Amino acid sequence: MQKLTNKEEEIMHILWKLEKAFVKDVLAEIKEDKPHYNTLSTIIRNLEEKGYVSYNAYGKTHQYFPIVSKEDYKTKFMSTAIENYFNSSYKNVVSFFAKEEKISVDELKEIIKLIENKA
Numbered sequence: 445m446q447k448l449t450n451k452e453e454e455i456m457h458i459l460w461k462l463e464k465a466f467v468k469d470v471l472a473e474i475k476e477d478k479p480h481y482n483t484l485s486t487i488i489r490n491l492e493e494k495g496y497v498s499y500n501a502y503g504k505t506h507q508y509f510p511i512v513s514k515e516d517y518k519t520k521f522m523s524t525a526i527e528n529y530f531n532s533s534y535k536n537v538v539s540f541f542a543k544e545e546k547i548s549v550d551e552l553k554e555i556i557k558l559i560e561n562k563a
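What follows is the structure in structure tokens.
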């Protein structure tokens with residue numbers, strides 16, 4: 445699975461939300477920094493080349509849909525981030541968020557319960 449640019453990832457989130465969309469539909473969903481129609485079309489074709497989307501052709505127009513699920517992408521993205529930034533340690537991930545005060549004690553307790561119940 446190839447790494448996506450920020451803009452490609454933004455487009456994938458739109459396609460995951462819409463499930464199927466023409467370029468004009470994707471363009472309508474972009475809130476800020478709207479690219480030109482042709483630029484967006486090129487980005488979506490790049491996603492197709494990378495194996496993230498496919499399409500149904502209707503004459504000269506294409507309706508695009510994701511072929512990589514959001515869950516599969518999230519799993520790969522998180523695994524890579526944890527490997528690259530936290531030495532493959534989930535403990536380091538939790539410690540990081542605790543130190544940054546991005547996770548509460550109650551949330552940590554919930555995580556512990558999830559782990560205990562899974563065992």
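Every letter in the sequence shown is one number past the one before it in our numbering, and letter 39, counting from 1, is 483. The beta-carbon is built from N, C-alpha and C at its ideal position, and this holds for glycine as well. In this text, all values refer to a predicted model and were calculated from it rather than measured experimentally.
In DSSP terms, what residue i is bridged to
| i | result |
| --- | --- |
| Pro479 | DSSP, once it has assigned bridges, lists no residue as partnering Pro479. |
| Ala465 | Tyr508 |
| Ser523 | DSSP lists no partner for Ser523. |
| Ala501 | His506 |
Local conformation of residue i per DSSP, three classes
| i | result |
| --- | --- |
| Tyr534 | helix |
| Ser485 | helix |
| Tyr529 | helix |
| Ser513 | coil |
| Ser548 | coil |
| Ile555 | helix |
| Met456 | helix |
Expected contact under 8 Å - CB spacing of residue i and residue j to nearest Å
| i | j | result |
| --- | --- | --- |
| Phe540 | Phe530 | 7 Å |
| Met456 | Leu491 | 7 Å |
| Ile458 | Glu473 | 5 Å |
Pair within 8 Å by beta-carbon distance, residue i and residue j
| i | j | result |
| --- | --- | --- |
| Pro510 | Tyr496 | yes |
| Trp460 | Lys518 | no |
| Val537 | Met445 | no |
Chain C within 8 Å of residue i, Cβ atoms only
| i | result |
| --- | --- |
| Met445 | The structure shown has no chain C; it contains just one protein chain. |
Does the region 456-467 touch the region 492-510, meaning 3 or more C-beta pairs lie closer than 8 Å? yes
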